[in-house]
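What follows is one structure encoded as structure tokens, with my remarks underneath.
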Amino acid sequence: MLADVTDAFQRLPTSAWVTGGGAAFMAFLGGLAFANGVMKQVVNMLCVAAGVGVAWYCFRHRGEVYGASASSMGTDRLVGFSAVAGLIAYGLCRVALGVLSTFGILKIFGSMSGWKGMAFSIIPSGFLLWVSAMALRLVGNLYGMEGVASVGREGARIQSTFGSLVNDARRMMEKSSIGSLITNLDPFEMRPTANLARLLIVWPDQRLWPALASNPKTGKVYAHPKVAELGFNAAVRGAIEKKDFAGLIQMREVETVAGYPDLHPLLSDVALEDAMDQIIYGRAPNPKK
7 MLADVTDAFQ RLPTSAWVTG GGAAFMAFLG GLAFANGVMK QVVNMLCVAA GVGVAWYCFR
67 HRGEVYGASA SSMGTDRLVG FSAVAGLIAY GLCRVALGVL STFGILKIFG SMSGWKGMAF
127 SIIPSGFLLW VSAMALRLVG NLYGMEGVAS VGREGARIQS TFGSLVNDAR RMMEKSSIGS
187 LITNLDPFEM RPTANLARLL IVWPDQRLWP ALASNPKTGK VYAHPKVAEL GFNAAVRGAI
247 EKKDFAGLIQ MREVETVAGY PDLHPLLSDV ALEDAMDQII YGRAPNPKK
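Shown next as structure tokens:
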């Protein structure tokens, strides 16, 4: 019987594990709120929001924060420095709220435990889950672009271990039920912009071009005149040559073209990225469920 149970678990799709993990995370925090009150979670949510805000500012305005070296800064350093800035902001926020708590200011809100606390816990736990998923999507997309550039430049078929793991985790998360919900709540429209950026990175590669141009999914994108314009855009090519993938994914020209009504549905399709992976890495597409 144990063997049957083990076999049943092994046959569960990856998306089910991701969805189950997210549900377990929210249930765990709900249980803590039921027993100990929800205020600690609310305080943590506020501090996480402050840390994420600082990290996002450092990422988005890297030129102002890190100076001229930002345009040639590798993905590892950019993500690492932004994360450190976010952690410092999170720590300072915890200290500030800790000082307030010593004066009893936070106690006026009460602990809100029991079923009320458990119900209210949906807000901070959902926020933490959303922030974690968005961070994974952003970092995974950056490493995905870095991997594509490596293939286009060196003909390599294997990405760096860490970058590959992060990008694969992002793909698995996005194909789950929770990932679909997170994608719909993405205010930055990350998937179409990142997919367009990846296609622009490999655009001049003569080894991959015939397969990409003839593929039903990627070929439709390449055939669009605005994509061809971007392929020759000096700023776009400059960002790719400098490996400034954070700059590439945030370029107004790339974001605008990715949002075109006739391109947006194509670039948002999960099957498009599967097609790219199959051609670029020789990787069979993963099942959605």
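For what it's worth, the numbering used here labels the leading residue of the sequence shown as 7, then goes sequentially. Yeah, the Cβ is synthetic: ideal placement off N, Cα and C, and Gly gets one too.
Taken through DSSP and simplified to helix, strand or coil, Trp-209 comes out as coil. Look at the stretch 219-264 and you find these whole runs of alpha helix (DSSP H), each 4 residues long or longer: 222-228, 231-238, 240-247, 251-256, 258-264. If you ignore the 5 residues before and after Leu-191, its C-beta comes within less than 7 Å of the C-beta of Trp-136, all in its own chain and listed in chain order.
Taking the Cα of Phe-65 as reference, the smallest distance to any Cα among Ile-285, Met-178, Gly-253 is reached at Gly-253. Residue range 68-72 is occupied by the alpha helix (DSSP H) that includes Glu-70.
Gly-27 is classed as exposed because its beta carbon has fewer than 16 other beta carbons within 10 Å across all chains shown. Excluding residues up to 5 positions away in sequence, His-230 lie with their Cβ nearer than 8 Å to the Cβ of Asp-268 in the same chain.
As the crow flies, the alpha-carbon of Lys-223 is around 17 Å from that of Val-154. If you look at Ala-175, you'll find it in the alpha helix (DSSP H) that goes 167-180.
The Cβ atoms of Arg-176 and Gly-146 lie closer than 7 Å to each other. Per the C-alpha coordinates, the member of Phe-31, Met-140, Ser-127 positioned closest to Leu-187 is Met-140.
Taking Tyr-266 as the centre and dropping the five residues before and after it, the same chain places the C-beta of His-230, Lys-232 closer than 8 Å to its C-beta, in chain order. Per the Cβ contact rule, the stretch 41-61 is in contact with the stretch 80-96 (3 or more Cβ pairs under 8 Å). When rounded, the separation of the alpha-carbon atoms in Ser-127 and Leu-35 is 7 Å. Each of Lys-226, Leu-38, Gly-225 was checked against the Cα of Gly-120, and the nearest Cα belongs to Leu-38. The shortest CA-to-CA distance from Ile-94 to any of Gly-288, Cys-53, Ala-200 is the one to Cys-53. The three-state reading of DSSP puts Glu-279 in helix, counting H, G and I together. Excluding residues up to 5 positions away in sequence, Pro-198, Asn-201, Leu-202, Ala-264 lie with their Cβ nearer than 6 Å to the Cβ of Leu-273 in the same chain. Under the three-state reduction of DSSP, Val-137 is assigned to helix. An exposed status is given to Lys-248, since fewer than 16 other beta-carbon atoms sit within 10 Å of its beta-carbon.
Residues of the same chain with a CB within less than 8 Å of the CB of Glu-259, apart from the 5 flanking positions on each side, are Leu-236, Asn-239, Ala-241, Val-242 in chain order. In this chain, the alpha helix (DSSP H) harbouring Leu-103 covers 81-108.
DSSP places Ser-186 inside the alpha helix (DSSP H), whose first and last residues are 183-190. When rounded, the separation of the alpha-carbon atoms in Phe-251 and Glu-279 is 17 Å. By the neighbour-count criterion, in which a residue is buried when 16 or more other Cβ atoms sit within 10 angstroms of its Cβ, Ile-246 is buried.
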